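Residue numbers (this note's numbering): 153 to 378. Written out below as C-alpha cells is the structure these notes cover.
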C-alpha cells in the first residue's frame with residue numbers, strides 16, 4: 153500500500169465525518185492505493201461510530217496525548233508513506249497531493265507551511281500566528297539549521313520506516329518539534345509545501361493549551377541540543 157492518511161482523534165464527532173469524506177474523495181479521485189486510519193485517544197462521543205460509517209480504520213491508543221496517538225497509529229499503518237492531518241477540518245485533504253508528490257520524489261519528511269498568507273480569517277489566534285509558532289520555528293532553525301518555517305504544522309507526510317527508526321517518544325503536541333529535530337539529526341531529507349489553513353468547524357475549544365504546550369516545545373528544543 154502506498155499511503156496511509158493518519159488522523160488523531162479525541163471527541164471529534166462534529167467534524168471527523170467531513171474530514172473523512174474529503175480524505176476518501178482524495179484517494180478515489182487520484183486512484184491512490186491507500187487507507188484512512190484514525191488513531192482514537194479515548195473518545196467518549198460518537199466519533200468512532202462516524203469513523204466506521206465512513207469506512208475508515210480505527211486503532212485505539214490508550215496512552216493519552218497527540219504524540220501518543222500518532223506514534224501508535226504509525227506503528228500499525230500499512231502505507232509506505234504516511235500523511236498526518238487533524239480531525240477538526242482545519243486542513244484541506246485535497247491538498248495532500250502536493251505532499252505525496254514530494255514523498256514520491258524521494259523526500260523523507262514533508263512539512264506543510266501555513267504561514268505564507270494561507271491562513272483563513274479566524275483560523276489561528278494572533279498569539280500563535282505572530283509569536284508562538286514563529287518563535288519556536290526561528291529558535292529551532294538557529295539551533296538545528298533545519299530551515300522549516302512552520303514547526304507546529306500538523307499536516308505533514310513522511311516515509312513510515314524512516315520515521316519509525318528515529319524513535320520518537322514525545323506524547324503531546326511537542327511531538328511535532330521532536331520529529332523535526334530527530335529527523336535532522338538522522339540526516340533525513342526535508343521539504344516544505346505551502347498549504348491553506350482553515351478555521352476549524354468545532355463549537356468547543358481546541359485541545360491545544362498555548363502556554364503549557366509552548367513550554368513543552370521549548371523543552372524539547374533545548375533538551376535535544378545538549
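Ideal Cβ placement from N, Cα and C applies to all residues, glycine included. The structure displayed is predicted, hence computed values, not measured ones.
Give the single residue among the options whose Cα lies nearest to the Cα of residue i.
i           : options            : result
residue 283 : 273, 295, 302, 296 : 302
residue 300 : 372, 374, 241, 342 : 342
residue 236 : 275, 277, 172      : 172
residue 345 : 178, 263, 183      : 263
residue 377 : 250, 297, 364, 230 : 297
Measure the Cβ-Cβ separation of residue i and residue j and say whether it is below 9 Å.
i           : j           : result
residue 347 : residue 244 : yes
residue 349 : residue 242 : yes
residue 209 : residue 222 : no
residue 206 : residue 313 : no
residue 354 : residue 164 : yes
Alpha helix (DSSP H) containing residue i: first to last residue?
i           : result
residue 308 : Careful: residue 308 lies outside any alpha helix (DSSP H), inside the beta strand (DSSP E) at 308-311.
residue 236 : Not the alpha helix (DSSP H): residue 236 falls in the beta strand (DSSP E), residues 233-236.
residue 323 : Element bounds for residue 323: n/a, residue is neither H nor E.
residue 172 : 168-181
residue 299 : That residue, residue 299, is in no alpha helix (DSSP H); it is neither H nor E in DSSP.
residue 354 : Note, residue 354: premise wrong, no alpha helix (DSSP H); not H, not E.
residue 253 : 248-256
Specify the secondary structure class of residue i as computed by DSSP and reduced to three states.
i           : result
residue 333 : helix
residue 221 : helix
residue 241 : coil
residue 198 : coil
residue 191 : strand
residue 160 : strand
residue 212 : strand
residue 344 : strand
residue 267 : coil
residue 284 : helix
On the three-pair Cβ rule with 8 Å, is the segment 251-259 touching the segment 275-293?
no
Give a yes or no on contact between the segment 191-203 and the segment 270-278, applying the rule of three or more CB pairs nearer than 8 Å.
no
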